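Colleague: Attaching a single structure in structure tokens format; questions to follow.
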Amino acid sequence: MGAYTYLQPVHGAEPAGKEVDIDTSWFDLAEGLNAVGLDGEFIVTGNIFIATGDEDSDGGGIYERQLDPEEVQRNWQQLQIVTFERYLAAYQETPQGKGCKDPGIDNYLKAHFMALMDVYRRAADAAAGMKITAW
Numbered sequence: 001m002g003a004y005t006y007l008q009p010v011h012g013a014e015p016a017g018k019e020v021d022i023d024t025s026w027f028d029l030a031e032g033l034n035a036v037g038l039d040g041e042f043i044v045t046g047n048i049f050i051a052t053g054d055e056d057s058d059g060g061g062i063y064e065r066q067l068d069p070e071e072v073q074r075n076w077q078q079l080q081i082v083t084f085e086r087y088l089a090a091y092q093e094t095p096q097g098k099g100c101k102d103p104g105i106d107n108y109l110k111a112h113f114m115a116l117m118d119v120y121r122r123a124a125d126a127a128a129g130m131k132i133t134a135w
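What the sequence shown shows, in the numbering used here, is residues 1 to 135, in sequence order.
The following block contains the structure:
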């Protein structure tokens, strides 16, 4: 699951805010959000890999998806109830997160979780869509 993933608020094709790099953490973020009952892959990637039929991407292509402002608002409403602590506890119960009690990994996930929350907050505040790029 080595795809680097970027999210950027947009109005149509025009940037509406700073692009955020969540590195290769998209899968871990999606898994933890799934575990708290949200559609993590849609929130983090817009189902970019499912839509392309490349769920096991090794980062060999460039994929883009754009969420409309209504999808951004829905995702942001759902994300607002999730704290990092809740996300991490749920993630650590997934097959990916079991036995993963490394403070370095926790800090890595926290940085990318907070970046995800921030980019959604900014996009929602701007009534913007979200461009998601993975490669």
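From the three backbone atoms N, C-alpha and C, an ideal C-beta is built for every residue, glycine too. These numbers come from a predicted model, not from an experiment.
Looking only at C-alpha atoms, which of Gly61, Val20, Ile62 sits nearest to Val44?
Modeller: For the residues Gly61, Val20, Ile62, the minimum Cα distance to Val44 belongs to Val20.
Colleague: Roughly how many angstroms lie between the CA atoms of Asn107 and Ala16, to the nearest whole one?
Modeller: 28 Å
Colleague: Tell me whether Gln80 is buried or exposed, calling it buried when 16 or more other Cβ atoms sit within 10 Å of its Cβ.
Modeller: exposed
Colleague: Tell me where the alpha helix (DSSP H) around Ile132 begins and ends.
Modeller: Careful: Ile132 lies outside any alpha helix (DSSP H), inside the beta strand (DSSP E) at 129-134.
Colleague: Residues in its own chain within less than 6 Å of Ser57 by CB, not counting five upstream and five downstream?
Modeller: Here Ser57 scores only 47 on pLDDT, less than 50, and its place in the model should not be relied on; the value that follows carries that caveat. So the qualifying residues of the chain are Ala3, Phe49.
Colleague: Measure the alpha-carbon distance for Ala35 versus Ala90 and round it to whole angstroms.
Modeller: 5 Å
Colleague: Quick check for students: name the residue ranges of the beta strand (DSSP E) that lie wholly in the stretch 25-93, counting only runs of 3 or more.
Modeller: Within the stretch 25-93, the runs of beta strand (DSSP E) at least 3 residues long that lie entirely inside it are, in chain order, 63-67.
Colleague: Would Leu38 and Met130 qualify as a contact pair, given that the criterion is a beta-carbon distance under 8 Å?
Modeller: Contact: no.
Colleague: Around the C-beta of Gln77, are 16 or more other C-beta atoms found within 10 angstroms, so that it is buried, or is it exposed?
Modeller: exposed
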